[in-house]
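Structure first, commentary second.
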Amino acid sequence: DQQVKQNSPSLSVQEGRISILNCDYTNSMFDYFLWYKKYPAEGPTFLISISSIKDKNEDGRFTVFLNKSAKHLSLHIVPSQPGDSAVYFCAASAQTGANNLFFGTGTRLTVIP
Amino acid sequence: EADIYQTPRYLVIGTGKKITLECSQTMGHDKMYWYQQDPGMELHLIHYSYGVNSTEKGDLSSESTVSRIRTEHFPLTLESARPSHTSQYLCASSGGRTPLHFGNGTRLTVT
Chain Z
58 DQQVKQNSPS LSVQEGRISI LNCDYTNSMF DYFLWYKKYP AEGPTFLISI SSIKDKNEDG
118 RFTVFLNKSA KHLSLHIVPS QPGDSAVYFC AASAQTGANN LFFGTGTRLT VIP
Chain F
10 EADIYQTPRY LVIGTGKKIT LECSQTMGHD KMYWYQQDPG MELHLIHYSY GVNSTEKGDL
70 SSESTVSRIR TEHFPLTLES ARPSHTSQYL CASSGGRTPL HFGNGTRLTV T
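From first to last, the protein sequence lines stand for chains Z and F.
For the first sequence, the residue numbers in my numbering are 58 to 170.
For the second sequence, the residue numbers in my numbering are 10 to 120.
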């Protein structure tokens with residue numbers, strides 16, 4: 058049973074606009090959430106994370122929002138750039154540094170110039 | 010530059026062959042991991058290690074085995090490859106509470 062779900066397999070956005078990628082989880086024990094970005098033929102690279110004690114974390118153009126009651130998190134990219142085109146994976150763990158991250162299936166973002 | 014390296018990047022091999030996927034990291038991380046990913050699917054943990062001589066199985070059952078004789082090296086071995094083993098294998102490492110740092114993966118095809 059999938060504990061982290063990304064229900065949108067793909068998303069297209071115009072350059073300069075906001076990209077919003079969504080992620081839902083089922084395990085209430087998860088308390089640490091991450092977003093990874095993956096380009097073709099490369100491994101995932103860490104983008105941004107958030108602990109369950111926060112509801113927002115911002116790093117430059119990237120902001121992650123966490124809604125614990127809804128078991129939902131989202132990644133906002135503003136403004137979107139063509140170089141942001143990649144597959145974005147949401148991941149969660151039951152504690153920071155835990156041996157296992159549970160990943161979603163990814164959302165392919167295409168930013169149109 | 011500190012990084013994590015996987016070889017080979019691509020491997021096509023016949024059924025029944027023994028293969029070893031190499032993974033090395035130069036960051037001095039204690040924890041290392043192997044994930045398996047099929048196209049369009051999530052990454053699944055198949056093995057992890059917290060240090061030298063420590064190996065554990067992940068949540069996805071795998072016929073592969075791993076070893077951790079040196080901190081920087083975490084090879085994965087399949088004694089007898091089968092078409093069902095066709096997948097992408099991603100190695101990762103982490104130190105302390107740092108996020109996982111992934112290699113570029115090995116895409117394995119068993120014919």
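Even glycine gets a Cβ: it sits at the ideal position worked out from N, Cα and C.
Which residues in chain Z sit within 8 Å of M50 of chain F, going by Cβ to Cβ distance? For the purposes of this step, residue 50 of chain F is taken as residue 41 along the second sequence, with counting starting at 1. Ordered by position in chain Z, the residues that pass the 8 Å Cβ test against M50 of chain F are T162.
Separation of F103 of chain Z from P108 of chain F, as counted between CA atoms: Counting from one through the second sequence, the residue named residue 108 of chain F turns up at place 99. Counting from one through the first sequence, the residue named residue 103 of chain Z turns up at place 46. P108 of chain F and F103 of chain Z have their C-alpha atoms spaced approximately 7 Å apart.
Given F87 of chain Z, which residues of its chain have a CB within under 7 Å of its CB, disregarding the five upstream and five downstream residues? Against the first sequence, residue 87 of chain Z aligns to sequence position 30. Taken in chain order, the residues that qualify are A149, S150, A151.
Under the three-state reduction of DSSP, which class applies to H94 of chain F: helix, strand or coil? Here residue 94 of chain F corresponds to residue number 85 of the second sequence, with the count starting at 1. It is helical.
Taking the alpha-carbon of H53 of chain F as reference, which of F:A101, F:T118, F:D12 has the nearest alpha-carbon? Counting from 1 along the second sequence, the entry for residue 53 of chain F is found at position 44. The shortest Cα separation from H53 of chain F among F:A101, F:T118, F:D12 belongs to F:A101.
Residues of chain F with a CB under 8 Å from the CB of N157 of chain Z: which are they? Numbered from 1 along the first sequence, position 100 holds the residue referred to as residue 157 of chain Z. L54, Y57, G67, D68, listed in chain order.
Are the C-beta atoms of A151 of chain Z and some chain F residue less than 9 Å apart? Here residue 151 of chain Z refers to the residue found at position 94 of the first sequence. No, no contact with chain F.
Mind pulling the chain Z residues with CB within less than 7 Å of P108 of chain F? On the second sequence, residue 108 of chain F is found 99 positions in, with the first residue counted as 1. Here the neighbours are L91, F103, S106.
Let me make sure I understand the geometry here. Which of F:H82, F:G105, F:G104 has the alpha-carbon closest to that of T29 of chain F? Walking along the second sequence from the start, residue 29 of chain F turns up at place 20. Of the candidates F:H82, F:G105, F:G104, the one whose C-alpha sits nearest the C-alpha of T29 of chain F is F:H82.
DSSP beta-bridge partners of A149 of chain Z: Mapped onto the first sequence, residue 149 of chain Z falls at position 92. In the DSSP output, where bridge partners are listed per residue, A149 of chain Z has Z:F90, Z:F159.
For the 8 Å Cβ check, are there 3 or more pairs between the region 18–29 of chain F and the region 124–140 of chain Z? Counting Cβ pairs under 8 Å, fewer than three are found: no touch.
Do L99 of chain F and Q34 of chain F come within 9 Å of each other at the CB atom, strictly closer than that value? As a position in the second sequence, residue 34 of chain F is number 25, starting the count at 1. As a position in the second sequence, residue 99 of chain F is number 90, starting the count at 1. No, Cβ-Cβ distance for Q34 of chain F and L99 of chain F is not below 9 Å.
Assigned exposure category for N62 of chain F - 16 Cβ within 10 Å defines buried: Locating residue 62 of chain F in the second sequence gives position 53, counting from the first residue. N62 of chain F counts as exposed, since fewer than 16 other C-beta atoms from the protein chains shown sit within 10 angstroms of its C-beta.
Between V119 of chain F and R165 of chain Z, what straight-line distance do the alpha-carbon atoms span, to the nearest angstrom? Within the second sequence, the letter at position 110 stands for residue 119 of chain F. Within the first sequence, the letter at position 108 stands for residue 165 of chain Z. Counting only the Cα atoms, R165 of chain Z lies some 27 Å from V119 of chain F.
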